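Read in order, the letters of the sequence shown correspond to residues 370 to 569 in the working numbering.
Built from N, CA and C at the ideal position, the CB exists for glycine as well.
No experiment lies behind these values; they were computed from the predicted model shown.
Take a look at the structure below.
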Amino acid sequence: MAGSNESATAGRLAKFFKFAERDTSVSQEIRGGVVMFVTMAYIIILNPLIMGGFAADQAATDVEGGWLPNHQLAAATALTAGLVTILMGVIANVPFGLAAGLGINSFLAFTLVQDLTWPEAMGLVVINGLIIVLLGATGLRRMIFNAVPAALKSAISVGIGMFIAFIGFVNAGFVRSTTLPSPPLELGEGGSITSLPTIV
């Protein structure tokens, strides 16, 4: 009886997610899900470190001195990624993993909260998300995306990557800010590298 219930459940899953059309199986999808989780799991750690800092004294504080605890950021990151990934599978019927983007959270932590409180900055994130939903629903997003030259798309990706790498260099102690207008940066002094694994 239990075996027939399990096979019926597997059959319903296969029919709903169109396994036959896509030439896949439950075991293949589970393996794919594990691989997707492993490739995205770094966001659960990195998002809180960027937005909350490595310690309370290094946190990205807002205009009123408020900061976000890392454990809450990690929980929110994991829950949000899990929820929207499940919704993507159930509603859109595609195996896409969704999670927080590292370019936007860096901009939020190191730029926006200098002049806003965290609740105000998060309000802007919600407005940004609603605008993106509207752009996607109306087809304007695709039109805008197609209007941007390929070279500019590549440059934006490289720029975001360099910005994230720069944040990593600062947190690792490889570079630090100077009090002089020129040069604004200098290499970290001996012994200032806080984590040897960053060299790898």
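Residue burial classification, residue i (beta-carbon count within 10 angstroms, cutoff 16)
i, result
"valine 482", "buried"
"methionine 512", "exposed"
"isoleucine 412", "buried"
"alanine 396", "It should be pointed out that residue 396 corresponds to serine in this sequence rather than to alanine. When all chains shown are included, serine 396 counts as exposed."
"threonine 507", "exposed"
"alanine 490", "buried"
"isoleucine 419", "buried"
"asparagine 515", "exposed"
"serine 523", "exposed"
"asparagine 367", "Given that the chain is displayed from residue 370 to residue 569, the structure contains no residue 367 and the question cannot be resolved."
Sequence-distant residues of the same chain with beta carbon closer than 8 Å to residue i, five excluded per side
i, result
"arginine 510", "Ile501, Leu504"
"alanine 443", "Ile413, Ile414, Asn416, Pro417"
"glutamate 365", "Only positions 370 to 569 of the chain appear in the structure, and residue 365 is not among them; the question remains open."
Own chain residues within Cβ distance below 7 Å of residue i, not counting five before or after
i, result
"leucine 467", "Ala450, Val453, Thr454, Met457"
"phenylalanine 388", "Ser394"
"tryptophan 487", "Asp431, Gly435, Leu437"
"methionine 405", "Gly466"
Per-residue DSSP class, three states only, for residue i
i, result
"phenylalanine 543", "coil"
"glutamate 398", "helix"
"glutamate 390", "coil"
"glutamate 433", "coil"
"leucine 418", "helix"
"leucine 485", "coil"
"leucine 554", "strand"
"asparagine 474", "helix"
"alanine 410", "coil"
"phenylalanine 538", "helix"
"leucine 448", "helix"
"glycine 380", "helix"
"phenylalanine 479", "helix"
"valine 403", "helix"
Short Cβ contact (8 Å threshold) for residue i with residue j
i, j, result
"threonine 547", "leucine 554", "yes"
"valine 432", "leucine 382", "no"
"leucine 471", "isoleucine 525", "no"
"phenylalanine 600", "alanine 429", "Lying before the first or after the last residue shown, residue 600 is absent from the chain, which here runs from 370 to 569."
Same chain, Cβ closer than 6 Å to residue i, neighbours up to 5 away in sequence not counted
i, result
"methionine 409", "Gly466, Ala468"
"asparagine 439", "Pro417, Gly421"
"leucine 477", "Ala490"
"valine 539", "none"
For the region 486-535, list the alpha helix (DSSP H) runs that are entirely contained and at least 4 residues long, ordered along the chain.
Here the runs fully enclosed are 487-507, 509-516.
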